[in-house]
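Following: one structure in structure tokens, then a few remarks.
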Amino acid sequence: MQQPHADESVAAVRAAIREVCKKYGNEYWREMDRKGTYPDAFVREMTELGWLGALIPEVYGGGGMSVTEASVILEEINRSGGHASACHAQMYTMGILLRHGSDEQKQRFLPSIANGQTRLQAFGVTEPDAGSETTRIQTTAVRKGDRYVINGQKIFISRVLQSDLMVLLARTTPYDDLEDKTQGLSAFIVDLRDAGEHLKVQPIELMFNQHTNALFFDALEVPIKNLIGEEGMGFRYIIDSWNVERILIASEAIGDGDWFVDKAVAYAKIREVFGRPIGANQGVQFPIAQAYAHIRAADLLRFDAAARYDRGESCGAEANMAKLLASEASWEAANACMNTHGGYGFASEYDVERKFRETRLYITAPVNNNLVLAFLGQNVLGMPRSY
Ligand SMILES: Cc1cc2nc3c(=O)[nH]c(=O)nc-3n(C[C@H](O)[C@H](O)[C@H](O)COP(=O)(O)OP(=O)(O)OC[C@H]3O[C@@H](n4cnc5c(N)ncnc54)[C@H](O)[C@@H]3O)c2cc1C
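Remember, the working numbering sits 13 above the position in the sequence shown when you count from 1.
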């Protein structure tokens, strides 16, 4: 299959990740899925090789890579049959620290994240009563001397039990006291190792192997030196990181999409029914070809968005469109692959049903496609706001 991005550094990253992923084939991921186990060996190796520190500048011991290169890392994990959600947050979450953290915070946290001593894989934003309306979150951070005291609850917070650090968004000014509702939220680095009884973590069972939890904070103390940037500006900082997040999510979906297409094509060629390969039937062939075309289109938008970001240009429209189209294309490819496999698609040993469950997430999280469409409709096309 042709790769649309021929840049040498991107090709080198792609080849290197493929080598690592070869050691963690479908059997590895199937086993993790069956037991609900975190793929620790894979995440550890990726960290030790420096791939999960790709976006950390070299001065802090990271890879100093572009978003284009980083996106290929996650794409290749999914394309190999794995699932990058086990480790992608280290890349997304890092952005807020890189762009808004103080020099002291960067010195304190980034080198040990880059060398793998510390894991930052958790990002605590979503709450049960706020959902997609982040400015309505109610978890509070109240300043007491040289600490903030956190109380409240979060939902769907992934990899908390597999992380040392978590970036947390909490309310520092009551909602009703704010004229600008995008203010009054602050971002903190929480050291989960010190949380003890003050943080209860309750795992949530999900339809695929993702380690996601409900969190309950009871007077958890966070030192003021762990406040990122200015108090009250946390939501703005999170918005700043959305474009990179969208590009990286699109890349994972594209990796999945290509995995489904490869798998469907291979099966369509060898499975014979009515005396000929099923792939000769247009009812089987065309849905795969259609999904493939949609994946390639989304892929071009992903590389366009990433290149714009890397050049320091605005890329909100492109990043959002890439996420929208890539998540739809991977889901389309998942269904085409499932249909191609007939009954065998439901058998775990074929991996199709596992990847099918995994790839559905990209339509819903970290942001729902409805809200992506609202961004395009309102912010890009200038139509009236729905919220
Ligand atoms: C597996 C998984 C892992 C996750 N990991 C994390 C994590 O690590 N950290 C974290 O903070 N969060 C995480 N999330 C949460 C995720 O980001 C939220 O589920 C998502 O933001 C949507 O919130 P919600 O589920 O409350 O949906 P809701 O906001 O209740 O929305 C429900 C539906 O209504 C639609 N809707 C709502 N308002 C509008 C509107 N104005 N116009 C059109 N449609 C609308 C939505 O698009 C959606 O289809 C995770 C979620 C999942 C499923």
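A virtual CB, placed ideally from N, CA and C, is assigned to each residue, including glycine.
Do residue j and residue i come within 9 Å of each other at the CB atom, strictly closer than that value?
i      : j      : result
Leu68  : Val33  : no
Gly66  : Ala127 : yes
Ile262 : Ala339 : yes
Leu181 : Ile202 : yes
Thr152 : Leu133 : no
Glu58  : Lys36  : yes
Leu233 : Ile163 : yes
Glu11  : Ala311 : Residue 11 lies beyond the range of the chain shown here (14 to 400); nothing can be said about it.
Ile86  : Ala99  : no
Asn256 : Gly325 : no
Gly245 : Ser199 : yes
Glu88  : Ile267 : yes
Tyr41  : His224 : no
Glu358 : Cys350 : A small correction: the amino acid at residue 358 is Gly; Glu does not occupy that position in the sequence shown. Yes. Within cutoff.
Thr195 : Arg249 : yes
Ile2   : Ile90  : Residue 2 lies beyond the residue range present for the chain, which begins at 14 and ends at 400; the question has no answer from this structure.
Rounded to whole angstroms, how far is the Cβ of residue i from the Cβ of residue j, which I believe are closer than 8 Å?
i      : j      : result
Arg370 : Phe221 : 4 Å
Val297 : Ala319 : No, Val297 and Ala319 are not in contact; Cβ-Cβ is about 34 Å, not under 8 Å.
Arg43  : Ser361 : 6 Å
Ser171 : Ala102 : 7 Å
Ser84  : Ile260 : 6 Å
Asp269 : Lys336 : Not quite, the Cβ-Cβ distance comes to about 13 Å (not below 8 Å), so this is no contact.
Asp323 : Ser79  : 4 Å
Asp271 : Gly94  : 11 Å between Cβ atoms; not a contact.
Ala154 : Ala135 : About 17 Å; that fails the 8 Å criterion.
Asn333 : Phe388 : 5 Å
Leu178 : Thr131 : 6 Å
Ser145 : Asn381 : 6 Å
Gly197 : Leu205 : Gly197 to Leu205, Cβ: 25 Å. No contact.
Gly108 : Ser254 : 4 Å
Glu140 : Ile168 : 6 Å
Taking the beta carbon of residue i as the centre, do at least 16 other beta carbons fall within 10 Å, making it buried, or is it exposed?
i      : result
Leu374 : buried
Gln4   : Since the first residue shown for the chain is 14 and the last is 400, residue 4 is missing from the structure and cannot be characterised.
Asn392 : exposed
Asn239 : buried
Ala279 : exposed
Ala28  : exposed
Ala54  : exposed
Pro397 : exposed
Asn383 : exposed
Lys213 : exposed
Asp142 : exposed
Thr377 : exposed
Glu71  : exposed
Ala346 : buried
Asp46  : buried
Ala293 : exposed
Lys276 : buried
Leu313 : exposed
Ile283 : exposed
Arg321 : buried
Lys48  : exposed
Glu258 : buried
Pro187 : exposed
Val403 : This structure leaves residue 403 out entirely; the chain is present only between 14 and 400.
Gly247 : buried
Leu394 : exposed
Gly76  : buried
Val286 : exposed
Arg92  : buried
Ser176 : buried
Tell me whether residue i counts as near ligand 2, meaning its Cβ is closer than 8 Å to at least one heavy atom of that ligand.
i      : result
Thr377 : Ligand 2 is not part of the structure shown, which contains ligand 1 as its ligands.
Provide the residue(s) that pair with residue i in DSSP beta bridges, ordered along the chain.
i      : result
Ile217 : Thr225
Glu331 : According to DSSP, Glu331 bridges with nothing at all.
Phe136 : Val180
Thr153 : Asn164, Arg184
Ile170 : Asn226
Met246 : Leu198
Arg289 : Val286
Leu240 : Phe201
Val235 : Tyr161
Leu212 : Phe230
contact_flag[the stretch 121 to 133, the stretch 296 to 303] where n(CB pairs < 8 Å) is 3 or more: At 8 Å Cβ cutoff, the stretches do not touch.
Touching or not, the stretch 150 to 158 and the stretch 104 to 114, by the rule of three or more beta carbon pairs under 8 Å? Output reads no: the stretch 104 to 114 does not touch the stretch 150 to 158.
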